Structure formats: structure tokens, C-alpha cells
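Notes for the one structure printed next.
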Amino acid sequence: MKHPNLEIHIEELILRGMSPGSKRGLAEAIEAEVRRLIGEGGLPPGWESAGGSLRLPGGQFEVDPKSKPAAIGAQVAQGLHDGWSGPKKG
């Protein structure tokens, strides 16, 4: 199935205790993980019918400040995925 072009804009991401030099690696990791999650599970419910724009809360969570940007990016993307996928069933 072909998905439409998808652009995700993260309006605000507050990272306390991380070096400013980690931002690029973190952004790349978030993008890669979001692509992977959508590639595996498809677009979340309601995205295709949303008229081109959705606003979703990303929530908040704690990470180990010693973690590498790739690991933190994957955690951020997973948090976003959990938020846009709705409540878990079960």
C-alpha cells in the first residue's frame, strides 16, 4: 500500500540535561523510528481523513541523560506512536 507524503512537525521538545550537539542525531533518530513504526503498522487511525493537519500531544517521559541520541530518539518516537495510536486494547 502506498502512503501519501507525510511531514511531521514537532513544535516543542524540551530536553533537559542533553548537550546541544546531540540535537541533530536525536532528530534523525526520531525521524527514522517514526518511519519504521508507520512502515510496520501503517498510518494511525484518522490520519488520512484529517484534512492534512493533526495536532497530537507527545506526552512526557524521562530518559537516562547518558543515553545516546539514537536511543532517546527511538523512545521519543515510541511515545509519539503510543499517543497517536490511542488507548491500548487488552
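Numbering-wise (my numbering), the sequence shown opens with residue 1045 and increments by one. C-beta: ideal position from N, C-alpha, C; glycine also. The structure presented is a predicted model; accordingly, all values stated were derived computationally and were not measured.
Would DSSP call residue i helix, strand or coil?
| i | result |
| --- | --- |
| residue 1066 | helix |
| residue 1087 | coil |
| residue 1061 | coil |
By Cβ distance below 6 Å, which residues in the same chain neighbour residue i in space, the five residues on each side in sequence not counted?
| i | result |
| --- | --- |
| residue 1120 | 1074 |
| residue 1061 | 1109 |
| residue 1067 | none |
Identify, in the order they occur along the chain, each residue of the same chain with its Cβ nearer than 7 Å to the Cβ of residue i, setting aside the five sequence neighbours on each side.
| i | result |
| --- | --- |
| residue 1070 | 1113, 1116, 1117 |
| residue 1081 | 1121, 1125 |
Would you kindly report the start and end of the unbroken alpha helix (DSSP H) that includes residue i?
| i | result |
| --- | --- |
| residue 1053 | Premise fails: residue 1053 is in no alpha helix (DSSP H) and is neither H nor E. |
| residue 1107 | Counting along the chain, residue 1107 falls outside any alpha helix (DSSP H), and DSSP gives it neither H nor E. |
Restricting to Cα atoms, I'd like to know which of the options is closest to residue i.
| i | options | result |
| --- | --- | --- |
| residue 1054 | 1065, 1064, 1072 | 1072 |
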